[in-house]
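>
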Amino acid sequence: MNNNNDFNNSLAFNVQTDDLTYRGYMALAYAICGVKDCDGKWKKVGLKKIKSIFGLSQREVEADDLETNKTFKQTQEDIDDRKHKYVNIKLINIETNEVQIFKNTDELNKHFKDGGSFNSYISNNWIYKKKYKFESEINPNYVQGAKYTRRVKVTNVNNKEVVVYKSAKEAAENIGINISTVYIYIKNKITTKNGLKFEYIKG
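Count along the sequence shown starting at 1, add 518, and that's the number in the numbering used here.
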């Protein structure tokens, strides 16, 4: 949306035929930009009024929130899976032979609460606090020396041209749109009017 005129022109829709995705997207636009009053000035409106305008029930809003939270949780789990070199770590007490199992080094840090460099102890077979030794598995999904990111692939469906960006932020900056809009396009699988389709690539 380049200006207010473009914004106004994009608001036309049929409540009976247009799906929740479009109505939800437009409701979000209303929440951010507000609406024009009789004097032509932009005015903020409440969430209750927005839901009334676009026919969004509380159940639909809660369902969308649930899906968003589910996606976020899955993303966090994916990040955790890729950032840990060692997984299924056995903490063995060499005095009592007691064994405790931890999913990754984050769980070890929570257990000891002293910020120990457990990757070094595990990789070098060092004894921790003169009392513990470690056994573990190498995480097959681990990416050395890099943090997990989700690249964004932008496909022009009209000419099949594909551009891959390092992040949603980079895609937004290069295309000239807001990063929040990129997230909406990806989540709702929206193809823009000029034929751009956005999707994540893991890695």
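Using N, Cα and C, we set each Cβ at its ideal position, and we do this for glycine too.
Predicted model, so just to flag it, every value in this text is computed and none were measured.
Could you compute how far the alpha carbon of residue 653 sits from the alpha carbon of residue 647?
Walking along the sequence shown from the start, residue 653 turns up at place 135. Walking along the sequence shown from the start, residue 647 turns up at place 129. C-alpha separation (whole angstroms): 16 Å.
> State the DSSP-derived secondary structure class of residue 703, mapped to helix, strand or coil.
Taking the first residue of the sequence shown as position 1, residue 703 is located at position 185. Correct three-state label for residue 703: helix.
> Does the segment 628 to 643 come into contact with the segment 599 to 616, if we say contact requires no fewer than three beta-carbon pairs (one atom in each stretch) closer than 8 Å?
Output reads yes: the segment 599 to 616 touches the segment 628 to 643.
> Kindly list the residues whose CB is nearer than 8 Å to the CB of residue 718, restricted to its own chain and excluding five residues on each side of it in sequence; keep chain order.
Within the sequence shown, residue 718 is the residue found at index 200, counting from 1. Within the same chain, residue 718 has close Cβ partners 668, 669, 670, 671, 704.
> Please name the residue in 645, 600, 716 whose C-alpha comes closest to that of residue 611.
Taking the sequence shown and counting its residues from 1, one reaches residue 611 at position 93. When only C-alpha atoms are compared, the closest one is 645.
> To the nearest angstrom, how far is it from the Cα of residue 626 to the Cα of residue 609?
Against the sequence shown, residue 626 aligns to sequence position 108. Against the sequence shown, residue 609 aligns to sequence position 91. Each residue's alpha carbon lies about 9 Å from the other.
> Going by CA-CA distance only, name the one from 715, 684, 617 that's closest to residue 676.
Mapped onto the sequence shown, residue 676 falls at position 158. Of the candidates 715, 684, 617, the one whose C-alpha sits nearest the C-alpha of residue 676 is 715.
> For the alpha helix (DSSP H) containing residue 657, name the first residue and the last one.
Your numbering for residue 657 matches position 139 in the sequence shown. Segment: none, residue 657 is in no alpha helix (DSSP H) and carries neither H nor E.
> Grab me the residues of residue 619's own chain with a C-beta within less than 6 Å of its C-beta, minus the 5 sequence neighbours each way, in chain order.
Against the sequence shown, residue 619 aligns to sequence position 101. Closer than 6 Å at the Cβ level, and outside the excluded window around residue 619, lie 608.
> Can you list, in chain order, the residues of its chain with a C-beta nearer than 7 Å to that of residue 674? Leave out the 5 residues immediately preceding and following it.
Taking the sequence shown and counting its residues from 1, one reaches residue 674 at position 156. Answer for residue 674: 713, 714, listed in chain order.
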